[in-house]
């Protein structure tokens, strides 16, 4: 029995603002159906006694102690810029007019 229809795929594509060509609907329907079948298999796995986790391997974050650090003087920072305009960095224009 199919869990997902072509209309479902169209609706998801619309919600995701995807321009999905009509000739790809059947392909995506089949692929999503396969994914849902696999998820169904995963839901049947007995996880009783298995602790919840977000990772398969325990990960710890190595951070430095949070402390006050000396801040460079503004002039020293601005003098390192390739281009400067007053108290600002001059950067290439990236947006159109």
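Numbering (my numbering), first residue to last: -15 to 81.
For every residue, glycine included, the Cβ atom is placed at its ideal position computed from N, Cα and C.
C-alpha distance - residue i paired with residue j, whole-angstrom precision
i: residue 29; j: residue 41; result: 20 Å
i: residue 71; j: residue 57; result: 12 Å
i: residue 47; j: residue 59; result: 30 Å
i: residue 20; j: residue 26; result: 10 Å
i: residue 39; j: residue 32; result: 18 Å
i: residue 2; j: residue 35; result: 38 Å
i: residue -10; j: residue 77; result: 45 Å
i: residue 54; j: residue 80; result: 39 Å
i: residue 37; j: residue 69; result: 51 Å
i: residue 84; j: residue 45; result: This structure gives no information on residue 84, because the portion of the chain shown stretches from -15 to 81.
Integer Cβ distance of residue i from residue j, believed to fall under 8 Å
i: residue 43; j: residue 13; result: Wrong, their Cβ atoms sit about 37 Å apart, outside the cutoff.
i: residue 74; j: residue 64; result: About 13 Å separates the two Cβ atoms, so there is no contact after all.
CB of residue i within 7 Å of CB of residue j, strictly
i: residue 17; j: residue -12; result: yes
i: residue 4; j: residue 10; result: no
* For the region 9 to 43, list the alpha helix (DSSP H) runs that are entirely contained and at least 4 residues long, ordered along the chain. => 9 to 27
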